[in-house]
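Asker:
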Amino acid sequence: MAENEREKIRHLLVVSDPEGQRTIPLLETTYSLGRDIRNAIVLRSRSVSRQHAILLRVTIPNTEKYGFRIIDGNFNGKRSTNGLIINGSKSFSHNLQHGDIIAFGNPQAQAQYYAISNLSEEEFKQSCKASDLSGFLAAQGDPVNPFDTLIVYEDNGEVSGDSLLTRLASFPELIPNPIIEMDLEGTVTYLNPAAALKFPRLREIAKKHPILAGLVSEVENQEGKNNSFVREVEVNGEIFEQSVHYLPESDLIRTFIVREITEQKKAEAELQQRDRLLQAVAEAANYLLAEMNYEIAIEKALATFGAAANGDRIYLFQNHPHLTTGEMAMSLQFEWTKTGVAPSQHHWQNKSYQTSGLRRWYSTLSIGKPISGLTQGFPIAEQEILRQDQIKSLLLVPLRLEDDFWGYLGLVDCTLERIWSTHEKSSLLTMAAIISGARQRQQVEAKIRYQALHDLLTGLPNRLQFNDILAQTINKADEEQKSLAVMFLDLDRFKMINDTLGHTLGDELLQNVAKRLAHSLRPGDTIARWGGDEFTILLPQISNDQQITQLAAKILQAIEKPFHLHGHELYISSSLGISLLNKHSPDAETLIQHADVALYYAKDEGRNNYQFYRESLSARTPELLSLEKSLRYALEREEFIVYYQPKVNIITRKITGMEALLRWNHPEMGIVAPNIFIPIAEASGLIIPIGEWVLRKACTQNKAWQDAGFLPMTIAVNLSPKQFRQPNLVETVAEILAATGLESQFLELEITETTAIEDLNFTQIVLGKLQQMGVLLSIDDFGTGYSSLSRLQVLPLHNLKIDRSFIKELTKDNTNNKVAHIIKAIVALGRSLGLRLIAEGVEKSEELEFLKSIKCDDVQGFLFHRPLSVQQATELMISKSQISE
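Laid out in structure tokens, this is it:
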């Protein structure tokens, strides 16, 4: 037991009243005594007043000892009814000494005061519980030392009640806040009980104590300007607001501890930290939004937040499959470290959550929960990993991208065992959300950039990127005086596969073609999808033409091999046009144009071959080449329009039918006349799908008019020579009629006289089949060929159309006109064969009157109506049931 523990004086009050005896240790500075239960010491006797007396602690000057004074009544000056009797004498106020007996007006309620030393803490506790304190103390060898327990007060005399109460009300002993006085030499001259209790070593270390440290200097620095000031001091982690007063008349410094402000300062510090973190988050967000370079933005954002959070490291990890095992792993992507702090070690790269003992991290972060704490509180496996990088405190928050656990953001302290605040956690979560948003925006922008420069179906560079690469390669070739070549490749018969097997399989075929082409080229060559089934290839570093021809042959052979797709074995070929960088092809645009010209000559040479561009090929106008190329995409781009020209009965003037006429609305050239693009379509074979589209469109529209309540009429559609000779024509017509629901007698198919007589036997067979279906058949442009009508009498025809060139030659004086006689002969012969006669191109009333005089059946031409759109034709049929002159 420490010696100073026995030297300590302990104060007790043994109270006796009708309800018994009890021992009360006097530990507080003030006690009220009385019958009212709200008193600190309750005396249960009717002779005791409600507020009978006050017991006050009094500190002995220049010592750390204190005693107690008892005063009759309360602080308001109201005396007790029966008074105080101390040691048999009535008293108003008395400084108590060991052994004093206090009677509260009646011997039934009294108390005895003890001041005891030479007891240990445990013995003192036992004395408080003893039923007979005197007997207990005697058993302990009477621990009362009269010299130790004698308390010498400054003033033990009697004082009048009012003045004493006034003095006592201002006693420092009564104030619960610590009060200290110190002279200018740094000697403590006074401590009130609260100060002695709160700062027990204050008198011992005096001016070195934090409460007094620097006070003398601060007072002297005031230089008489201000004798009072307030400061903040910290003692053992607690922060106090200290009021300081200099008393110049006595050269004393009196300090008053106003209040403990530890929590307030902590709250202020947290608010300041919160503000710093919010500011850092705002700055980081600005970097991530404004900076186009994502890597630079992330580095700036982490540096800003890491410094504001006063962390040693802040880093960003990304999840990915382990490079060897495929397990979920993490890798460090970005890191900021405080000056003097070593960066994270390499072991964090490609680190498996499972095998490295961090499975808890993945399971926690993946459900959106943060991980925080001291390293020493983590599982052993995690501690071992963290201590490799001297991490003492860790805070991790998940990074989510499109609702997936993409990675995490971490803040660590390598110096302190730090408990992360709510503000730090919420701010780091906000940072993670901002970074996730920036990452997603960066991915979207990268995707947009990729899509702008790549073909989405094949993944190859697109036209824009190819042009850019070609321009750069040309510049480099000029500087190094080297040559290069451009190839333009087109797949042969791809559209037929696309139309018959569907666009999905067609797209997959294009993807496989792109792969074969890429595998056929050398490293450094560039292949791009130009559009549709066309590809462009850039061959830099060309030494001779043989290199080009070898590559061209290799490409053609690669495409010729069968493609096996979903049970189909597909065979296609390709055509190649090649142009070289030279004086005739000095720039990117010309190189591509010349390769395009060479491509079409390769097709003219029978396809599945390659052709080099030569100057003589430019005889074919670029406009015609461009038109042919555009025609290939016109159908899929829905650039074709069908117009309808009415056929009118020459007697009744009623509409008897419509002729479907094809128009091409080119996006740049506008409406292209049929006499320009039909020959191109015929030569290229595109007329077959185009003609089928017109036939389907016309049948669909005629059925729609019938369903709308219009009188049934025929719709006439022209068949081109190539379309008429396709093997499946009859089946195609039957399929279209079935698909559209149009009855066969309302479809009229027209072929020219030249087409009909080219192979009369074939024509007879095909028309026979169509007649059996119920389709009406007509000879168009009759009179322009080299046949007689008698040669056509073997064909199952229904109508004969007189070519517009004859009608155009008619004059007003037509009685002796040679053309008029020819027309009369055609009409007469047609009638003899039972055919209905139709005149085309009627534009003048005189022409109409002549045709009427020779009993022509129907007419069509600008005299009545030009070709009409669907809406115009519909409005015409609504407004008129008979055509006026």
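Counted the way the UniProt record's numbering counts, the sequence shown spans residues 1 to 885. For every residue, glycine included, the Cβ atom is placed at its ideal position computed from N, Cα and C.
Report yes if the CB atom of T714 is closer than 9 angstroms to the CB atom of Q745, and no otherwise.
Answerer: Against a cut-off of 9 angstroms, the Cβ pair of Q745 and T714 comes out as a contact.
Asker: Can you tell me the Cα-Cα spacing of L510 and D533, whole angstroms?
Answerer: For L510 and D533, the distance between alpha carbons rounds to 7 angstroms.
Asker: Report yes or no: do the stretch 567–575 and the stretch 486–503 share at least 3 C-beta pairs separated by less than 8 angstroms?
Answerer: Yes, they touch.
Asker: Rounding to the nearest angstrom, what Cα-Cα distance links K208 and Y190 in this structure?
Answerer: C-alpha separation (whole angstroms): 16 angstroms.
Asker: Just checking my contact of I41 with A115 at CB under 8 angstroms: how many whole Å lie between their CB atoms?
Answerer: The pair is not a contact, with the Cβ atoms about 17 angstroms apart (cut-off 8 angstroms).
Asker: Going along the chain, which residues of its own chain have a beta-carbon closer than 7 angstroms to the beta-carbon of L804, five neighbours each way excluded?
Answerer: The sequence as given places Arg at residue 804; Leu does not occur at that position. Excluding residues within five positions, the ones whose Cβ falls inside 7 angstroms are E840 and G841.
Asker: What are the complete beta strand (DSSP E) segments, minimum 3 residues, inside the UniProt domain "GGDEF" (482–615)?
Answerer: Entirely contained in the UniProt domain "GGDEF" (482–615), the beta strand (DSSP E) runs reaching 3 residues are, in chain order, 483–492, 526–531, 534–542, 563–565, 568–570, 573–580 and 610–612.
Asker: K801 bridges to which residues according to DSSP?
Answerer: Note: K801 sits in a beta bridge opposite I838.
Asker: How should V275 be labelled, buried or exposed, when 16 other C-beta atoms within 10 angstroms of its C-beta is the threshold for buried?
Answerer: The question names Val, but residue 275 is Asp in the sequence shown. Classification of D275: exposed, given that the 10 Å Cβ count is below 16.
Asker: Do you know how far the Cα of G311 is from the Cα of A282?
Answerer: Using only the alpha carbons, I get a separation of about 18 angstroms.
Asker: By the three-class DSSP mapping on this structure, what secondary structure does Y633 have?
Answerer: Helix.
Asker: Is W420 helix, strand or coil by DSSP?
Answerer: Correct three-state label for W420: coil.
Asker: Classify I296: buried if its beta carbon has 16 or more other beta carbons within 10 angstroms, exposed otherwise.
Answerer: Looking at its Cβ environment, which holds fewer than 16 other Cβ atoms inside 10 Å, I296 is exposed.
Asker: Assign D759 to buried or exposed, taking buried as 16 or more other Cβ atoms, counted over all protein chains shown, within 10 Å of its Cβ.
Answerer: The residue is exposed, with fewer than 16 neighbouring Cβ atoms inside 10 Å.
Asker: Can you pull the DSSP bridge partners for residue 890?
Answerer: Residue 890 cannot be examined here, being either before or after the span of the chain that is shown, 1 to 885.
Asker: Once DSSP output is grouped into helix, strand and coil, what is the label at A32?
Answerer: Reading the sequence as shown, one finds Ser at residue 32 and not Ala. Three-state result, S32: strand.
Asker: As a quick exercise: from H322, T375 and G357, pick the residue whose alpha carbon is nearest that of E350.
Answerer: A small correction: the amino acid at residue 350 is Asn; Glu does not occupy that position in the sequence shown. For the residues H322, T375 and G357, the minimum Cα distance to N350 belongs to H322.
Asker: Given a cut-off of 9 angstroms on the beta-carbon distance, is the pair L837 and K808 in contact?
Answerer: Against a cut-off of 9 angstroms, the Cβ pair of K808 and L837 comes out as no contact.
Asker: Do C414 and Q383 come within 9 angstroms of each other at the CB atom, strictly closer than that value?
Answerer: No. Outside cutoff.
Asker: So what's F104 in DSSP terms, helix, strand or just coil?
Answerer: The answer is strand: DSSP assigns F104 an E or B state.
Asker: Per DSSP, what kind of secondary structure is M669 in: helix, strand or coil?
Answerer: If DSSP states are grouped into helix, strand and coil, M669 belongs with coil.
Asker: Since N718 contacts E743 with CB under 8 angstroms, what's their CB separation in whole angstroms?
Answerer: With a Cβ gap of about 20 angstroms, N718 and E743 do not count as contacting.
Asker: What is the rounded straight-line gap between the Cα of R167 and the Cα of P193?
Answerer: Bear in mind that a pLDDT of 46 at R167, under 50, signals an unreliable position, so the model cannot answer this.
Asker: Quick one, which of G105, D587, K801 and T324 has its alpha-carbon nearest R46's?
Answerer: Among G105, D587, K801 and T324, the Cα nearest to that of R46 is on G105.
Asker: Threshold first: 3 residues or longer. Then list the beta strand (DSSP E) segments lying entirely within the stretch 656–721, N to C.
Answerer: Fully enclosed beta strand (DSSP E) runs of 3 or longer: 670–672 and 714–718.
Asker: Give me, in chain order, the residues of the same chain whose beta-carbon lies closer than 7 angstroms to that of L453; leave out the 5 immediate sequence neighbours on both sides.
Answerer: P461, N462, L464 and Q465, listed in sequence order.
Asker: State the start and end residues of the unbroken beta strand (DSSP E) segment that holds S217.
Answerer: Where S217 is concerned, there is no enclosing beta strand (DSSP E), although the alpha helix (DSSP H) it sits in stretches over L215 to Q222.
Asker: Between V48 and R35, is the Cβ-Cβ spacing less than 9 angstroms?
Answerer: Yes, the Cβ-Cβ distance between V48 and R35 is below 9 angstroms.
Asker: Judging by CA-CA distance, which residue of L538, D587 and L686 is the nearest neighbour of I578?
Answerer: Nearest of L538, D587 and L686 to I578, Cα basis: L538.
Asker: Looking at the structure shown, is E249 part of a helix, part of a strand, or coil, going by DSSP?
Answerer: It is coil, neither helix nor strand.
Asker: Can you find at least 3 beta carbon pairs, one from the stretch 638–647 and one from the stretch 862–871, that sit closer than 8 angstroms?
Answerer: Yes, the stretch 638–647 touches the stretch 862–871.
Asker: Report yes if the CB atom of L591 is closer than 9 angstroms to the CB atom of L489, and no otherwise.
Answerer: Result no, Cβ atoms of L591 and L489 do not sit closer than 9 angstroms.
Asker: P667 and R632 - do their beta-carbons sit closer together than 9 angstroms?
Answerer: Not closer than 9 angstroms, so no.
Asker: Which full runs of the beta strand (DSSP E) of 3+ residues lie inside the stretch 64–132, going along the chain?
Answerer: If we require 3 residues or more, the beta strand (DSSP E) runs fully inside the stretch 64–132 come out as 66–72, 84–86, 89–91, 93–95, 101–106 and 109–116.
Asker: Could you give the first and the last residue of the continuous beta strand (DSSP E) run that contains R10?
Answerer: Per DSSP, R10 belongs to the beta strand (DSSP E) from R10 to D17.
Asker: Nearest CA to the CA of N649: which residue from D858, W693, T255 and G834?
Answerer: The residue with the shortest Cα to Cα distance from N649 is D858.
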